[in-house]
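Undergrad:
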Amino acid sequence: MGIGDFRIQYETAGLDRPDLHDDPVVQLQRWYAQAEEAGCTEPNAMTVSTVGADGGPDSRIVLARAIDESGITFHTNRRSAKGAEITADARAAAVFGWLQIHRQVRIRGTVSLAPDDVSDAYFASRPRASRIGAWASPQSSPISGRAELDALIEETERRFVDVDVPRPPHWGGYVLGIDEIEFWQGRPSRLHDRFRYSRNGGSWRVDRLAP
Ligand SMILES: Cc1cc2nc3c(=O)[nH]c(=O)nc-3n(C[C@H](O)[C@H](O)[C@H](O)COP(=O)(O)O)c2cc1C
Numbered sequence: 015m016g017i018g019d020f021r022i023q024y025e026t027a028g029l030d031r032p033d034l035h036d037d038p039v040v041q042l043q044r045w046y047a048q049a050e051e052a053g054c055t056e057p058n059a060m061t062v063s064t065v066g067a068d069g070g071p072d073s074r075i076v077l078a079r080a081i082d083e084s085g086i087t088f089h090t091n092r093r094s095a096k097g098a099e100i101t102a103d104a105r106a107a108a109v110f111g112w113l114q115i116h117r118q119v120r121i122r123g124t125v126s127l128a129p130d131d132v133s134d135a136y137f138a139s140r141p142r143a144s145r146i147g148a149w150a151s152p153q154s155s156p157i158s159g160r161a162e163l164d165a166l167i168e169e170t171e172r173r174f175v176d177v178d179v180p181r182p183p184h185w186g187g188y189v190l191g192i193d194e195i196e197f198w199q200g201r202p203s204r205l206h207d208r209f210r211y212s213r214n215g216g217s218w219r220v221d222r223l224a225p
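Residue numbers are given in the working numbering: position 50 of the sequence shown equals residue 64, and the series is strictly consecutive.
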């Protein structure tokens, strides 16, 4: 079958306003838990889009590590392309695609630095090899080949031999604060259910959107 012919009918149960929690963070936590229970592949993987230096969008997948009232936290090298883009323009968007359960969640908001204690705790929980990699890899910079990366790793391993690997100053968490979030549930004949929460003063306005 060619890519143009691939088509799945979404027979999943519908989504109605009473199914949704008034707090979109609670709703997102619920859907995340359901995606995990349903066995979705890497349910915490989300595509994050930032604004590039040329004003165009730039996207990549990262792993969400927390969902709470402050927003959605992910961790990365702050000297990476995404780090530079966030420093220049904090606006970002993210998408979770839980395809096995025909769900999508889209988020728009503003990114801020995660508190140091959150970045420290998460970094400390990573396997040692990943912590070494965070120091060694100049994420998003061109390198001459795999040999250069291997040499950087070896050099970093020598630097931290027999000691704990601390969090690099250029590595840590970002929190995408939620200004707008849409929950999308696939339905038969492409007549999907969509609900968008937008900030309305201190509360949330919820609109059903046409599919
Ligand atoms: C499933 C998956 C999970 C990923 N998780 C992360 C992550 O949590 N943090 C990260 O920095 N990069 C992660 N990456 C790599 C990024 O997609 C990207 O290649 C890298 O962060 C550099 O992006 P940038 O050049 O736009 O800064 C992940 C990639 C995939 C496919």
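For every residue, glycine included, the Cβ atom is placed at its ideal position computed from N, Cα and C.
Considering only DSSP beta bridges, list what residue 194 is partnered with.
TA: In DSSP, residue 194 forms a bridge with 122 and 212.
Undergrad: Using DSSP's beta-bridge definition, name the partner residues of residue 223.
TA: Residue 223 is bridged to 208.
Undergrad: Round the Cβ separation of residue 59 and residue 75 to the nearest angstrom and send it over; I've been treating them as touching at under 8 Å.
TA: Indeed they touch by this definition, with Cβ atoms about 5 Å apart.
Undergrad: Look at residue 65 and residue 99 and say whether their C-beta atoms are less than 8 Å apart.
TA: Their beta carbons are under 8 Å apart, which means residue 65 touches residue 99 by this criterion.
Undergrad: Use the C-beta contact count for residue 199: other C-beta atoms within 10 angstroms, 16 or more gives buried, fewer gives exposed.
TA: Residue 199 should be labelled buried.
Undergrad: Return the first residue and the last residue of the beta strand (DSSP E) that residue 160 is part of.
TA: Careful: residue 160 lies outside any beta strand (DSSP E), inside the alpha helix (DSSP H) at 160–173.
Undergrad: Any heavy atom of ligand 1 closer than 7 Å to the CB of residue 214?
TA: False, no ligand heavy atom lies under 7 Å from that Cβ.
Undergrad: Taking 8 Å as the threshold, find out whether the region 159–177 comes into contact with the region 102–122 through three or more Cβ pairs.
TA: No: fewer than three Cβ pairs fall under 8 Å.
Undergrad: What would DSSP say about residue 188, mapped onto helix, strand or coil?
TA: It is a strand residue.
Undergrad: With H, G and I counted as helix, E and B as strand and the rest as coil, what does DSSP make of residue 26?
TA: If DSSP states are grouped into helix, strand and coil, residue 26 belongs with coil.
Undergrad: Answer yes or no: the CB of residue 88 versus the heavy atoms of ligand 1, is any distance below 7 Å?
TA: Yes - ligand 1 has a heavy atom lying nearer than 7 Å to the Cβ of residue 88.
Undergrad: Would you list, in sequence order, the uninterrupted beta strand (DSSP E) runs of no fewer than 3 residues that lie entirely inside the region 54–126?
TA: 59–65, 71–82, 85–91 and 105–112, all fully within the region 54–126.
Undergrad: What are the residues that DSSP puts in a beta bridge with residue 199?
TA: Residue 199 is bridged to 117 and 207.
Undergrad: With respect to the alpha helix (DSSP H) encompassing residue 48, which residues constitute its N-terminal and C-terminal limits?
TA: Run containing residue 48: 38–51, per the alpha helix (DSSP H) assignment.
Undergrad: Could you tell me whether any non-hydrogen atom of ligand 1 is closer than 7 Å to the CB of residue 72?
TA: Yes, ligand 1 has a heavy atom inside 7 Å of this Cβ.
Undergrad: Just the Cα atoms here: how many angstroms apart are residue 153 and residue 203?
TA: Computed Cα separation, rounded: 43 Å.
Undergrad: Would you say residue 85 reaches chain C, if we count a Cβ-Cβ gap shorter than 8 Å as a contact?
TA: Of the protein chains in this structure there is only one, and it is not chain C.
Undergrad: Excluding the 5 residues preceding and the 5 following residue 222 in the sequence, name in chain order all residues of the same chain whose CB lies nearer than 6 Å to its CB.
TA: Correct list, in chain order: 209.
Undergrad: When the Cα of residue 88 is compared with those of 95, 94, 79 and 96, which residue comes out closest?
TA: If we check each option's Cα against that of residue 88, 79 comes out closest.
Undergrad: Within the continuous alpha helix (DSSP H) that includes residue 137, where are the two ends?
TA: From DSSP, the alpha helix (DSSP H) with residue 137 extends over 130–139.
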